[in-house]
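For reference, the structure is listed below as structure tokens.
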Amino acid sequence: MIAQIIVDVPVNRTNRPFDYHVPPWLRPLIRVGSRVVVPFGPRQLQGYVIGIVEDDEALPDRSRLKDVVQVQDDTPPLTPELLKMSEWMSKQYLCPWVTAVQAMLPAVLKGKSEKWLTATDALDEEACGRSGLLWELFRKRQLPLTEVEKQFAEEYLLVPGWIQSGLLATEYQVRDKITRKQQSFVRSLLDEGKLEEAIGSLPARAEQMRRVLQLMLVHKEQSLSVQMLRDEYGITRSPLKSLESKGWIAIEQVEVYRDPYANRRFQEKQKPVFTPVQKEVLTPILQSIESGTYASYLLHGVTGSGKTEVYLEAIERTLEKGREAIFLVPEISLTPQMVERFKARFGADVAVLHSALSQGERYDEWRKIIRKQVRVVVGARSAIFAPFRNVGLIVIDEEHESSYKQEETPRYHAREVALWRAKENQGVLVMGSATPALETYALATRGRYELLRMPERVGNRPMPEVHVVDMREELQAQNRSMFSRKLHEMIADRLAKEEQMVIFLNRRGFSTFVMCRSCGYTMRCIHCDISLTYHKTNHTARCHYCGYTIAQPKHCPECQSEHIRFFGTGTQKVEAELAKLFPGIRVIRMDVDTTSKKGSHEELLNKFRTGQGDVLLGTQMIAKGLDFPRVTLAGIIAADTSLHLPDFRAAEKTFQLLTQVGGRAGRHELDGDVVIQTYTPEHYSIIHATKHDYPAFYQDEMMQRRRTGYPPYFRLVLITFSHEDVPVVIRGAHTMADYLRQRLAQTTVLLGPVASPIARVKDRFRFQIMLKYRDEPQLSDLLAQATAAFEEWNKQQKVLMTIDVDPYVLL
DNA sequence: CCAGGTCACAAC
DNA sequence: TTGTGACCTGGC
Numbered sequence: 109m110i111a112q113i114i115v116d117v118p119v120n121r122t123n124r125p126f127d128y129h130v131p132p133w134l135r136p137l138i139r140v141g142s143r144v145v146v147p148f149g150p151r152q153l154q155g156y157v158i159g160i161v162e163d164d165e166a167l168p169d170r171s172r173l174k175d176v177v178q179v180q181d182d183t184p185p186l187t188p189e190l191l192k193m194s195e196w197m198s199k200q201y202l203c204p205w206v207t208a209v210q211a212m213l214p215a216v217l218k219g220k221s222e223k224w225l226t227a228t229d230a231l232d233e234e235a236c237g238r239s240g241l242l243w244e245l246f247r248k249r250q251l252p253l254t255e256v257e258k259q260f261a262e263e264y265l266l267v268p269g270w271i272q273s274g275l276l277a278t279e280y281q282v283r284d285k286i287t288r289k290q291q292s293f294v295r296s297l298l299d300e301g302k303l304e305e306a307i308g309s310l311p312a313r314a315e316q317m318r319r320v321l322q323l324m325l326v327h328k329e330q331s332l333s334v335q336m337l338r339d340e341y342g343i344t345r346s347p348l349k350s351l352e353s354k355g356w357i358a359i360e361q362v363e364v365y366r367d368p369y370a371n372r373r374f375q376e377k378q379k380p381v382f383t384p385v386q387k388e389v390l391t392p393i394l395q396s397i398e399s400g401t402y403a404s405y406l407l408h409g410v411t412g413s414g415k416t417e418v419y420l421e422a423i424e425r426t427l428e429k430g431r432e433a434i435f436l437v438p439e440i441s442l443t444p445q446m447v448e449r450f451k452a453r454f455g456a457d458v459a460v461l462h463s464a465l466s467q468g469e470r471y472d473e474w475r476k477i478i479r480k481q482v483r484v485v486v487g488a489r490s491a492i493f494a495p496f497r498n499v500g501l502i503v504i505d506e507e508h509e510s511s512y513k514q515e516e517t518p519r520y521h522a523r524e525v526a527l528w529r530a531k532e533n534q535g536v537l538v539m540g541s542a543t544p545a546l547e548t549y550a551l552a553t554r555g556r557y558e559l560l561r562m563p564e565r566v567g568n569r570p571m572p573e574v575h576v577v578d579m580r581e582e583l584q585a586q587n588r589s590m591f592s593r594k595l596h597e598m599i600a601d602r603l604a605k606e607e608q609m610v611i612f613l614n615r616r617g618f619s620t621f622v623m624c625r626s627c628g629y630t631m632r633c634i635h636c637d638i639s640l641t642y643h644k645t646n647h648t649a650r651c652h653y654c655g656y657t658i659a660q661p662k663h664c665p666e667c668q669s670e671h672i673r674f675f676g677t678g679t680q681k682v683e684a685e686l687a688k689l690f691p692g693i694r695v696i697r698m699d700v701d702t703t704s705k706k707g708s709h710e711e712l713l714n715k716f717r718t719g720q721g722d723v724l725l726g727t728q729m730i731a732k733g734l735d736f737p738r739v740t741l742a743g744i745i746a747a748d749t750s751l752h753l754p755d756f757r758a759a760e761k762t763f764q765l766l767t768q769v770g771g772r773a774g775r776h777e778l779d780g781d782v783v784i785q786t787y788t789p790e791h792y793s794i795i796h797a798t799k800h801d802y803p804a805f806y807q808d809e810m811m812q813r814r815r816t817g818y819p820p821y822f823r824l825v826l827i828t829f830s831h832e833d834v835p836v837v838i839r840g841a842h843t844m845a846d847y848l849r850q851r852l853a854q855t856t857v858l859l860g861p862v863a864s865p866i867a868r869v870k871d872r873f874r875f876q877i878m879l880k881y882r883d884e885p886q887l888s889d890l891l892a893q894a895t896a897a898f899e900e901w902n903k904q905q906k907v908l909m910t911i912d913v914d915p916y917v918l919l
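Residues 109 to 919 in our numbering are what the first sequence lists, from first letter to last.
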């Protein structure tokens, strides 16, 4: 038996299957999709089985094949579908196949190859002599080499000699990080009659023991968790021990899932009565689910239009059809409310996957999926890889969010993967947004997705009234505060009415760089081409990209002025200003500083929900999905800070942001207002946002994109090169550019090579090429060939190249 | 002449 | 990615 295996060496040269002989004892265990350990060169590595050939005779010179060393799981973590999907991703995004595979699996499954030092039979007491290391190895038989290096630094140099003389040997081991949580449970060893007898025989004061036995009587056959007995009945360890020694109960270690939502009750909500619009959009979706064939929908619904109910209903119908559902959200920890709704509706049938989980928790949720214990997954980007076997529905909420694009290899977009998966499974894809990505909307208008509209809020709630304030006029009116008179007045009004508000600060532009007020000098990283960020906690200035840190200087290095200071973390400044203007105002500030601790996010939101704050103040993270009945005002401090970024999506992002923030206000009984402060009130993204007019924005923005040749009219590929020498990196970029230029279609534009907007990171200079194309059917193949040619050239140099298909970040 | 470092190359 | 062996440099 021969296994075809891709190994964990993520470079192009080894990006192909290698053949291994499967020894007889592994044959019953090994499967396509298995994780295995194989020898590779002088090492041992982790690999994945992508194919199995039963008939050895079919392959020539099998005698030269090495043996598979180990199969790491009894059930393969990769389903056939995931395997196929990873192969597609590797082609689509030009990444090594293993990298795509690893992106699909929980991080704890990634094995690390370690070198160990082992004792041979020749190592006896005598041979150990006075060496501490040899004695340690004599006792333990083996130690990881890294440990030896650390603990026996002075003897480390002698190791090669000992290996030569045959006392020691080296060996490779592949270890993953799988851990399983164990919990103690007690189980009764007595039948019912005996139990009652035993209760009677206990002395009167053995109250805890009696309690336990009584509980066993009630819960018959079931095991009781020791933790539960302690928490709910105050039963301590020792009575359990004595019951055990009497032979009445057994205390057992049982494996349990790490569940961050354990001990939480979720209230089951009644299914809502659907509005006519909800019914209207549900009809085609449910029909598609019913028919069990591929279909895709763009659900364009204004904020508060009740999209979630539509999703939930579609999921329920999918489950009824015996199929599974994936629900993607931008970043789930941001919307505990969403999790709550799912847990309430589908109970234990849901697994939740998001970045705030620990690796162990993530693994446990993932196992619920692969063991078929759940049928619904709610999660962020990577949840699209949930190892279901029969996905019938994929929902992407807030479809336009950029967090669906992964910014490291594999640089995939969850929307694109979802589309592939829906087609592959004859499933239904539903994408929802109040502000669809231009690409998506364009495809919908061309019929590639069916467009469904929900133009009104549930219960005919009016859209909030939007007030645009021209900050230039404020300045003329001698108002130099960051709050306009309008916003000031409305905050005061809400405070008086005891209603709540959300104040949003567009983080960018308000960043925390350090600048001299006298000469304008800004502190920059010595390794990277960007400004340093001020960190309050230890008064340092730090580089975002490479971690370079220096103490905050007291004098400007240029002009010696003392007026060098950081330009405050926006939110803190706003908070201080609010406190000054409105004494006694209760502000809940959400930013990186206040939400870094696990669970603090939810805690702050809960505080706000329960009315312990008047203002929720924050950055991007408060713009999405929050739904608080008493919020009647949304304020945006500086709408245009995102408008002037060197990014062709700047206007789109601004429009989305304004619409989303605006959508937080007046969702329930009370009417809402939105105040947008801006220096460019005439910009179309602001004008259309105030009127809640997506189609108009779409028209204007499409004109811009057409004029400038950006998506959706053109598709992009960004190729970035980096090297510590400018001439080398330039030559590399030109080599690639020349190769491509000769082979690209006439209509394709190749821009560059030019220096990247961030021209240096970690002492490496960066250049880039941008491809803009409309019709390039063989592009992935061409890029693969170009990469091969580039690598041929790159043999002597060490230029790093990354290819980003449909990039979001152009820096 | 050898220790120590650099570098291209292969990996089933 | 990483270990290996070929090759080079420099010190004696």
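Built from N, CA and C at the ideal position, the CB exists for glycine as well. Bear in mind the structure is a predicted one, so any value in this text is a computation, not a measurement.
Bounding residues of the beta strand (DSSP E) (the contiguous stretch that carries L551): Counting along the chain, L551 falls outside any beta strand (DSSP E), though it belongs to the alpha helix (DSSP H) covering 546-553.
Sufficient close CB pairs (3 or more, under 8 Å) joining the segment 264-278 to the segment 223-231: Contact between the segment 264-278 and the segment 223-231 is present, because at least three Cβ pairs lie under 8 Å.
Unbroken alpha helix (DSSP H) run spanning R593, endpoints: Unbroken alpha helix (DSSP H) run through R593: 593-605.
Segments assigned alpha helix (DSSP H), at least 4 residues, entirely inside the segment 660-692: Assignment of alpha helix (DSSP H) within the segment 660-692, counting only whole runs of 4 or more residues, yields 678-689 in chain order.
Beta-bridge pairing of F126 - partner residues as DSSP gives them: Note: F126 sits in a beta bridge opposite I113.
Collapsed DSSP secondary structure at F873 in the structure displayed: Of the three classes helix, strand and coil, the one that applies to F873 here is strand, per DSSP.
Range of the contiguous alpha helix (DSSP H) that encloses C236: Start and end: 233-236.
N-terminal and C-terminal residue of the alpha helix (DSSP H) that A312 is part of: Neither: A312 is in no alpha helix (DSSP H) and is coded neither H nor E.
DSSP-derived helix/strand/coil call for Q290: Three-state DSSP puts Q290 in a strand.
Same chain, Cβ closer than 6 Å to G617, five either side skipped, listed in chain order: Model confidence at G617 stands at a pLDDT of 39, short of 50, so the residue's coordinates are unreliable and nothing is read from them.
Own chain, CB closer than 6 Å to G840, minus 5 neighbours either side, in chain order: Within the same chain, Cβ atoms closer than 6 Å to the Cβ of G840 are found at F829, V907, the five residues on either side in sequence being excluded.
Neighbour-count burial assignment, G770, 16 or more Cβ in a 10 Å radius: Buried, because 16 or more other Cβ atoms sit within 10 Å of the Cβ of G770.
M193, DSSP secondary structure in three states: Note: M193 maps to helix in three-state DSSP.
From T517, V739, V695, residue whose alpha carbon lies closest to that of R602: Out of T517, V739, V695, V739 has the C-alpha closest to the C-alpha of R602.
Coarse secondary structure for R839, derived from DSSP in three states: Helix.
Contacts around S346, its chain only, beta-carbon distance under 8 Å, and the 5 residues preceding and following it disregarded: Spatial neighbours of S346 in its own chain (CB-CB distance under 8 Å, excluding positions within 5 residues in sequence) are not present.
Strand pairing of S353, partner residues [DSSP]: DSSP links S353 through a beta bridge to no other residue.
Reference C654; option with closest CA among C636, E424, P665: Comparing Cα positions, the closest option is C636.
Contact set for Q534: own chain, Cβ-Cβ below 8 Å, skip 5 residues either direction: Excluding sequence neighbours, Q534 sits near G400, T401, Y402.
Cβ shell of D457 (< 8 Å), same chain only, five flanking positions each side left out: The answer, listed in chain order, is L427, V482, R483, V484.
Buried or exposed (CB count within 10 angstroms, at least 16 for buried), V834: By the neighbour-count rule (16 or more Cβ atoms within 10 Å), V834 is not buried but exposed.
Nearest-angstrom beta carbon gap, H408 and S541 [assumed within contact, 8 Å]: The C-beta distance from S541 to H408 rounds to 7 Å, short enough to fall under 8 Å.
The segment 622-632 in contact with the segment 749-762 per 3-pair CB rule at 8 Å: Verdict: no, contact absent.
Same chain, Cβ closer than 6 Å to R697, neighbours up to 5 away in sequence not counted: Answer for R697: T679, E683, L725, listed in chain order.
beta-carbon Q876 near the ligand FMN non-hydrogen atom, thresh 6 Å: Annotation note on the ligand FMN: not contained in the displayed structure, which lists no ligands.
Other residues of its chain near S864: CB distance less than 7 Å, five sequence neighbours each side excluded: Answer for S864: T828, R874, F875, Q876, L919, listed in chain order.
Same chain only: Cβ atoms within 8 Å of L348, ignoring 5 sequence neighbours per side: The residues are V294, V320, V334, L337, I357, I359.
Distance, K218 Cα to R475 Cα: Here the alpha carbons of K218 and R475 stand approximately 15 Å from one another.
Where W133 falls, given that 16 or more other Cβ within 10 Å makes a residue buried: Flag for W133 reads exposed.
Proximity to Q281 [Cα-Cα], best of D871, V179, I160, G308: In terms of CA proximity to Q281, V179 leads the group D871, V179, I160, G308.
Start-to-end residues for the alpha helix (DSSP H) that takes in H804: The displayed chain sequence assigns Ala, not His, to residue 804. Element bounds for A804: 802-816.
Start-to-end residues for the beta strand (DSSP E) that takes in D339: Taken as a continuous stretch (DSSP letters only), D339 belongs to no beta strand (DSSP E), being part of the alpha helix (DSSP H) at 334-341.
Close Cβ partners of D116 (< 6 Å) along its chain, the five nearest in sequence each way excluded: Answer for D116: L153, Q154, V206, listed in chain order.
Burial state of C664 (16 or more Cβ within 10 Å): Per the 10 Å Cβ criterion, buried.
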